[in-house]
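J.: Submitted below is the structure of interest, expressed as structure tokens.
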Amino acid sequence: MSELAILGGAPTRTEPYPAWPVHDERDVAAVTAVIKSGQWGGHPYPGPQTTEFVRRFVEMQGGGHAVAMVNGTVTMEVALRAADIGWGDEVIVPAYTFQATATAPMAAGAIPVIVDIDPETYCIDPQAVEAAITDRTRAILPVHLGAQMADMDAIIEIAERHDLIVVEDCAHAHGAKWRGQGAGTLGHFGSFSMQSTKILTAGEGGVLLCRTPELAARAASIIDCGRAHAAVAPYGEGGETFTLGANYRMAEIQAALGNVALERFPEQTRQREEMAAYLEESLSEVPGVRLLKRDPRHSRRSFYRYVFAVQPEVFGADHDVVCYALAAEGVPCWVGYEAMHHYELFQPGLSKLPVPSAFPERFKFDEMDLPKAERACEHEAVWLDECVFRAGSQGVDDAVAAVAKIQRYAAELQQLKEAREEAE
Ligand SMILES: Cc1ncc(COP(=O)(O)O)c(C=O)c1O
Numbered sequence: 001m002s003e004l005a006i007l008g009g010a011p012t013r014t015e016p017y018p019a020w021p022v023h024d025e026r027d028v029a030a031v032t033a034v035i036k037s038g039q040w041g042g043h044p045y046p047g048p049q050t051t052e053f054v055r056r057f058v059e060m061q062g063g064g065h066a067v068a069m070v071n072g073t074v075t076m077e078v079a080l081r082a083a084d085i086g087w088g089d090e091v092i093v094p095a096y097t098f099q100a101t102a103t104a105p106m107a108a109g110a111i112p113v114i115v116d117i118d119p120e121t122y123c124i125d126p127q128a129v130e131a132a133i134t135d136r137t138r139a140i141l142p143v144h145l146g147a148q149m150a151d152m153d154a155i156i157e158i159a160e161r162h163d164l165i166v167v168e169d170c171a172h173a174h175g176a177k178w179r180g181q182g183a184g185t186l187g188h189f190g191s192f193s194m195q196s197t198k199i200l201t202a203g204e205g206g207v208l209l210c211r212t213p214e215l216a217a218r219a220a221s222i223i224d225c226g227r228a229h230a231a232v233a234p235y236g237e238g239g240e241t242f243t244l245g246a247n248y249r250m251a252e253i254q255a256a257l258g259n260v261a262l263e264r265f266p267e268q269t270r271q272r273e274e275m276a277a278y279l280e281e282s283l284s285e286v287p288g289v290r291l292l293k294r295d296p297r298h299s300r301r302s303f304y305r306y307v308f309a310v311q312p313e314v315f316g317a318d319h320d321v322v323c324y325a326l327a328a329e330g331v332p333c334w335v336g337y338e339a340m341h342h343y344e345l346f347q348p349g350l351s352k353l354p355v356p357s358a359f360p361e362r363f364k365f366d367e368m369d370l371p372k373a374e375r376a377c378e379h380e381a382v383w384l385d386e387c388v389f390r391a392g393s394q395g396v397d398d399a400v401a402a403v404a405k406i407q408r409y410a411a412e413l414q415q416l417k418e419a420r421e422e423a424e
């Protein structure tokens, strides 16, 4: 019988990795207090929990003017709308990301322009951004993917030269820093998700960091049914003028959970950083594993997922088979997103925009040439779950041992791959 767990052998790890999200009595007490207060929702906006949450979030991230919302998708839509970006404008997005990065511009009425990634970081390639700029381009939407940050020096430089708005998608980058400056405070806007898989979670939720109080007041108005908000933190009541808005407010119960999550966050970040460094020492020794770039400008890393690349030639199979085998060994992992132009969840035809008829060149997916994203998405990328880090050095040792074991049995993995291909 094979040694590989996926072929019936003994798994590397039998003990489950720790669950997410974590909780204790503090969460129960915080939610109970909100229930007893009577102010459960987000109206009037912002409530006391939300006010406290955004104050602490800004402190944690080191800047910006924060507006709390229902999730980390509307944050991006609202950012674009607050910057007057809408119908027919082009917004440049990376090919490797969750579909929200491309659908948010469409919700604002804009056209997502999908560009290739840097294979060393899997984040948007600044050269591809530059090449995609037209006279309709209004914004760049870089994503700090997994545990990486996009090259913000290059992106800000391009944006300034072309007078473009930068919205950082920081759904994976709570606590991350670039040259000591918080992710989400480098561009005009930083968009954060607090959905349940995120490393700072309230179950659901989003925060938009804005560069100026004026942008924050506009965003606050858009998410509070158009009510006017003053350009003074916490962006409360401000005059009579209404804008076109909807209810995207964060609820007080969510903000209360966010406040407790923020208490735990510094220690969790420290532990993840320590364990990631430990992981890298041994993972880099496994034949056929390529670690992504460790950019010294990325001065503090945060770890939504730890993403690395496998060389299919050395593992006998692409990343999907490697991930099946790793999961069978007891190590939670994922192949990651599909390239955006192949991503089945990204369906521009379902939008209210007249696409593809109005902007055919932006939606002819068959004709798009995004080879670096395709290589990462179809062959190479392995997304290791962050719970591996919360299981301490033993958790990391087990994960690396499992990767090394799978690679040692590359020949069996290749047979497995061929059998799967035949069955398809
Ligand atoms: C990169 C990225 N951007 C945006 C989002 C959207 O966040 P939300 O689910 O809070 O809308 C997510 C995840 O959900 C994400 O992973």
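Residue numbers for the sequence shown follow our numbering, beginning at 1 and rising by one.
Glycine included, each C-beta is placed from N, C-alpha and C at the ideal position.
(1) Which same chain residues end up closer than 7 Å to T134 when comparing Cβ atoms and leaving out the 5 residues on each side of it in sequence?
(2) Report the start-end ranges of each alpha helix (DSSP H) in the region 107-152 that is 4 residues or longer and not cut off at the edges.
(3) What are the residues that DSSP puts in a beta bridge with L208?
(4) Restricting to Cα atoms, I'd like to know which of A217, T14, R161 is closest to P332.
(5) When the Cα atoms are used, what is the spatial distance from V113 to E378?
(6) Checking 8 Å against the spacing of the C-beta atoms, do R390 and P21 come in under that value?
(7) Go through the region 339-381 residue by residue and report every complete run of the alpha helix (DSSP H) that reaches 4 residues or more, in order.
(8) Once DSSP output is grouped into helix, strand and coil, what is the label at V322?
(9) Within its chain, find whatever has a CB closer than 7 Å to the CB of A325; leave out the 5 residues flanking it on each side and keep chain order.
(10) Taking Cβ positions, are V167 and L80 nearer each other than 8 Å?
(11) Beta carbon of I171: closer than 7 Å to some heavy atom of ligand 1?
(12) Distance, Cα to Cα, P48 vs E252?
(13) If I follow the unbroken beta strand (DSSP E) through L291, where does it start and stop?
(14) Starting from P266, follow the alpha helix (DSSP H) in both directions and report where the run begins and ends.
(15) For ligand 1, I want to know if V115 counts as a neighbour, meaning its beta carbon is within less than 7 Å of at least one of the ligand's heavy atoms.
(16) DSSP on A95, reduced to helix/strand/coil?
(17) Looking only at DSSP bridge pairs, what is Q181 linked to?
(18) Tell me whether the beta-carbon of L279 lies closer than 8 Å to the beta-carbon of V67.
(19) Which residues share a DSSP beta bridge with R408?
(20) Examine the Cβ distances between the region 168-184 and the region 22-30 and report whether three or more of them are shorter than 8 Å.
(21) Relative to the C-alpha of H319, which candidate in Y304, Y337, P213, E344 has its C-alpha closest?
(22) Throw me the rounded Cβ distance for the P119 and D151 pair, which I believe falls under 8 Å.
(23) Measuring CB to CB, does G330 end up less than 8 Å from P94?
(24) Have a look at F308 and C225 and give me their C-alpha separation to the nearest angstrom.
(25) Could you pull out every residue in the same chain whose Cβ sits closer than 8 Å to the Cβ of S284, ignoring the five residues on either side in sequence?
(26) M1 to E422, Cα distance in whole Å?
(27) Could you check whether the Cβ of F53 sits closer than 7 Å to any heavy atom belonging to ligand 1?
(28) Thinking C-alpha only, which one of T51, A339, A82, E380 is nearest T101?
(29) Below 7 Å, is the gap between the Cβ of N71 and the nearest heavy atom of ligand 1?
(30) Would you mind working out which of L345, Q394, E273, P266 sits nearest M60, comparing C-alpha positions?
(31) Out of curiosity, what's the CA-to-CA distance linking T97 and V396?
(32) Looking at ligand 1, does it come within less than 7 Å of F303, judged from the CB to the closest heavy atom?
(33) Does the beta-carbon of T101, which I'm using as the reference point, lie nearer than 7 Å to any heavy atom of ligand 1?
(34) Any contact between the region 129-143 and the region 204-221? By contact I mean 3 or more CB pairs, one from each, below 8 Å.
(35) Does the Cβ of N247 have 16 or more other Cβ atoms within 10 Å, making it buried, or fewer, making it exposed?
(36) Just the C-alpha distance for T50 and C170, rounded to the nearest angstrom, thanks.
T.: Quick look at the numbers:
(1) For this step, residue 134 is matched to residue 134 along the sequence shown. So the list reads E90, once near-sequence residues are dropped.
(2) For secondary structure counted as the alpha helix (DSSP H) over 4 or more consecutive residues, the region 107-152 holds these complete runs in sequence order: 126-132.
(3) As a first step, residue 208 must be located in the sequence shown, where it is residue number 208. L208 is bridged to V67, S191.
(4) One-based indexing of the sequence shown puts residue 332 at position 332. Between P332 and the set A217, T14, R161, the nearest pair of CA atoms involves T14.
(5) By one-based count along the sequence shown, residue 113 stands at place 113. By one-based count along the sequence shown, residue 378 stands at place 378. Going from the Cα of V113 to the Cα of E378 covers about 21 Å.
(6) In the sequence shown, counting from the first residue as 1, residue 390 sits at position 390. In the sequence shown, counting from the first residue as 1, residue 21 sits at position 21. Against a cut-off of 8 Å, the Cβ pair of P21 and R390 comes out as no contact.
(7) List check, alpha helix (DSSP H) in window: 360-363, 371-375.
(8) Within the sequence shown, the letter at position 322 stands for residue 322. DSSP places V322 in helix when its eight states are reduced to three.
(9) Your numbering for residue 325 matches position 325 in the sequence shown. Cβ neighbours of A325 beyond the five flanking positions: L4, I6, I406, L413.
(10) Position 167 of the sequence shown holds residue 167. Position 80 of the sequence shown holds residue 80. Yes, they are a contact pair.
(11) Stepping through the sequence shown from its first residue, residue 171 is reached at position 171. Residue 171 is actually Ala in this sequence, not Ile. True, at least one ligand heavy atom lies under 7 Å from that Cβ.
(12) Numbered from its first residue, the sequence shown carries residue 48 at position 48. Numbered from its first residue, the sequence shown carries residue 252 at position 252. So the two alpha carbons sit approximately 8 Å from each other.
(13) By one-based count along the sequence shown, residue 291 stands at place 291. Start and end: 289-291.
(14) Sequence index remark: in the sequence shown, residue 266 carries index 266 (1-based). Unbroken alpha helix (DSSP H) run through P266: 252-283.
(15) Against the sequence shown, residue 115 aligns to sequence position 115. At a cut-off of 7 Å, the beta-carbon of V115 does not count as near ligand 1: no heavy atom of the ligand is closer than that.
(16) Walking along the sequence shown from the start, residue 95 turns up at place 95. Secondary structure at A95: coil, using DSSP grouped into helix, strand and coil.
(17) For this step, residue 181 is matched to residue 181 along the sequence shown. In the DSSP assignment, Q181 forms a beta bridge with W178.
(18) Translated into the one-based positions of the sequence shown, residue 279 becomes position 279. Translated into the one-based positions of the sequence shown, residue 67 becomes position 67. It is not a contact, given that the beta carbons lie outside the stated cut-off.
(19) Taking the sequence shown and counting its residues from 1, the one referred to as residue 408 is at position 408. Under DSSP, R408 forms no beta bridge with any residue.
(20) Output reads no: the region 22-30 does not touch the region 168-184.
(21) Here residue 319 refers to the residue found at position 319 of the sequence shown. Cα-wise, what sits closest to H319 is Y337.
(22) Sequence index remark: in the sequence shown, residue 119 carries index 119 (1-based). Sequence index remark: in the sequence shown, residue 151 carries index 151 (1-based). The pair is not a contact, with the Cβ atoms about 13 Å apart (cut-off 8 Å).
(23) Walking along the sequence shown from the start, residue 330 turns up at place 330. Walking along the sequence shown from the start, residue 94 turns up at place 94. Judged by beta-carbon spacing, P94 lies beyond the 8 Å limit of G330, meaning their Cβ atoms are not closer than that value.
(24) Position 308 of the sequence shown, counted from the first residue, corresponds to residue 308. Position 225 of the sequence shown, counted from the first residue, corresponds to residue 225. Roughly 43 Å between the two C-alpha positions.
(25) As a first step, residue 284 must be located in the sequence shown, where it is residue number 284. L291, listed in sequence order.
(26) Residue 1 sits at position 1 when you count from the first residue of the sequence shown. Residue 422 sits at position 422 when you count from the first residue of the sequence shown. Their Cα atoms are separated by approximately 22 Å.
(27) The residue you call residue 53 lines up with position 53 of the sequence shown. No, the beta carbon of F53 sits no closer than 7 Å to any heavy atom of ligand 1.
(28) Walking along the sequence shown from the start, residue 101 turns up at place 101. Considering only alpha carbons, the answer is A339.
(29) Against the sequence shown, residue 71 aligns to sequence position 71. Distances from the CB of N71 to the heavy atoms of ligand 1 include at least one below 7 Å.
(30) Against the sequence shown, residue 60 aligns to sequence position 60. Closest in C-alpha terms to M60, from the list L345, Q394, E273, P266, comes P266.
(31) For the purposes of this step, residue 97 is taken as residue 97 along the sequence shown, with counting starting at 1. For the purposes of this step, residue 396 is taken as residue 396 along the sequence shown, with counting starting at 1. So the two alpha carbons sit approximately 26 Å from each other.
(32) Looking up residue 303 in the sequence shown gives position 303. The beta carbon of F303 sits no closer than 7 Å to any heavy atom of ligand 1.
(33) Counting from 1 along the sequence shown, the entry for residue 101 is found at position 101. Checking every heavy atom of ligand 1 against the Cβ of T101, one is found closer than 7 Å.
(34) Counting Cβ pairs under 8 Å, fewer than three are found: no touch.
(35) In the sequence shown, counting from the first residue as 1, residue 247 sits at position 247. Its Cβ having fewer than 16 others within 10 Å, N247 is exposed.
(36) Position 50 of the sequence shown, counting from 1, holds the residue named residue 50. Position 170 of the sequence shown, counting from 1, holds the residue named residue 170. About 20 Å.
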